[in-house]
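For the sequence shown, UniProt numbering begins at 1 and goes up steadily by one.
One structure is given below, encoded as C-alpha cells.
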Amino acid sequence: GDAERPTSGKPGPSTTTKEPEDGAGSKSSDESAEKSPAGKRRRRSEERRSQSKARRGGKGGAFFTTRAFRLSRKSMADGDLARAIERHSDEELKQYTEVDLSRNALTSSSMGTIVSLCRRCPELKILKLFNNQLDDAGAEEFGNLFKHCQLIEEVHLSHNNFTHKGVEAIVAAAD
C-alpha cells in the first residue's frame with residue numbers, strides 16, 4: 001500500500017547466481033551473460049536494491065533497512081492527516097524508520113498530529129515534511145519531536161514558510 005516502498009520496480013526471480021561445483025561453464029559465456037541486456041538490468045536492480053536497503057545509521061557504521069510510512073503527494077490538509085493516521089494501528093506504525101508527509105498542504109496546525117505520529121514510530125530516523133505550508137508557528141513543536149524521537153537523523157523541511165526565527169527555533173530544539 002502507501003506505507004511500503006518496494007525494493008524493486010519489477011517482480012522477478014532472485015538475482016543470485018550459483019557457480020557450478022565441478023568448475024564447468026566457460027568464462028566467455030559468463031562474460032557474455034553479464035554484458036547482455038538482462039545481465040545489465042540484473043546488476044542495476046541489485047545495485048538499486050542494495051542502495052535502498054543499506055543506509056548508514058547508528059554507531060560503527062551499522063546498516064538499517066528503511067521502512068517508510070508514505071502519505072506524500074496526497075494534497076492532504078491538516079484534518080486529512082489525522083484521518084489518514086487513524087487507519088493505522090500502533091503495531092503497524094512502530095515498524096517504520098521513515099515518515100514521508102512531503103508535498104501536501106499541511107500547516108503548522110498539524111504539527112501536534114505530526115509529533116504524535118512520530119512518537120508512535122520509536123525507530124524513526126527520517127522525517128520528510130518538505131513542500132508543505134509549515135511556518136514559524138509550528139517551529140516550537142520540533143522540541144517535542146526531538147525530545148521523543150531521539151534516533152532521528154534527518155528532517156527535510158525545504159519549501160515551507162519558515163523565517164529565520166523559525167529556523168533558529170528548530171535548530172535550537174535539535175541541540
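Cβ coordinates follow ideal geometry from the N, Cα and C atoms, glycine included.
Predicted model, so just to flag it, every value in this text is computed and none were measured.
Straight-line gap, residue i to residue j (C-alpha atoms, nearest Å)
| i | j | result |
| --- | --- | --- |
| Asp136 | Val115 | 16 Å |
| Lys165 | Phe69 | 30 Å |
| Leu157 | Glu86 | 24 Å |
| Glu141 | Thr113 | 10 Å |
| Asp22 | Thr65 | Below a pLDDT of 50, predicted positions are generally treated as unreliable, and Asp22, at 44, falls in that range; no measurement from the model is reported. |
| Leu81 | Ser110 | 8 Å |
| Gly58 | Pro122 | Model confidence at Gly58 stands at a pLDDT of 42, short of 50, so the residue's coordinates are unreliable and nothing is read from them. |
| Ser89 | Cys118 | 13 Å |
| residue 176 | Leu129 | This structure cannot speak to residue 176, because the chain is shown only from 1 to 175. |
| Gln51 | Pro37 | For Gln51, the predicted structure reports a pLDDT of 48, less than 50, and the residue's modelled location is therefore unreliable. A value from the coordinates is still provided. Looking at the two C-alpha atoms, the distance is approximately 21 Å. |
| Val167 | Gly79 | 25 Å |
| Ala172 | Gly143 | 8 Å |
Coil, strand or helix - residue i by DSSP
| i | result |
| --- | --- |
| Glu92 | helix |
| Asn144 | helix |
| Glu21 | In this prediction, Glu21 has a pLDDT of 41, which is less than 50 and means its spatial position is unreliable; what the coordinates show is noted afterwards. Three-state result, Glu21: coil. |
| Leu127 | strand |
| Asp135 | strand |
| Ala169 | helix |
| His159 | coil |
| Asp78 | helix |
| Thr15 | Residue confidence for Thr15 is low, a pLDDT of 32 falling below 50, so the modelled location carries little weight and cannot support an answer. |
| Ala105 | coil |
| Glu153 | coil |
| Arg73 | coil |
Contacts around residue i, its chain only, beta-carbon distance under 6 Å, and the 5 residues preceding and following it disregarded
| i | result |
| --- | --- |
| Ile126 | Glu98, Glu154 |
| Glu160 | It should be pointed out that residue 160 corresponds to Asn in this sequence rather than to Glu. Result list for Asn160: Asn132, Leu134, in chain order. |
| Ala174 | Phe146 |
| Arg120 | Asp90, Leu93 |
| Arg67 | Gln95, Tyr96, Thr97 |
| Ile170 | Ala139, Phe142 |
Cβ separation of residue i and residue j, assumed to be a contact under 8 Å, to the nearest whole Å
| i | j | result |
| --- | --- | --- |
| Glu132 | Leu106 | For the sequence presented, residue 132 should be read as Asn rather than Glu. Sure, about 4 Å apart at Cβ, within 8 Å. |
| Gly138 | Ser108 | 3 Å |
| Leu124 | Asp100 | Actually they do not touch by this definition, with Cβ atoms about 11 Å apart. |
Sequence-distant residues of the same chain with beta carbon closer than 7 Å to residue i, five excluded per side
| i | result |
| --- | --- |
| Met76 | Ala84, Asn104, Ala105, Leu106 |
Same chain, Cβ closer than 8 Å to residue i, neighbours up to 5 away in sequence not counted
| i | result |
| --- | --- |
| Arg73 | Ser102, Arg103, Asn104 |
Counting Cβ pairs closer than 8 Å, one from the segment 91-103 and one from the segment 137-149, do we hit at least three?
-> Flag = no, the segment 91-103 and the segment 137-149 do not touch.
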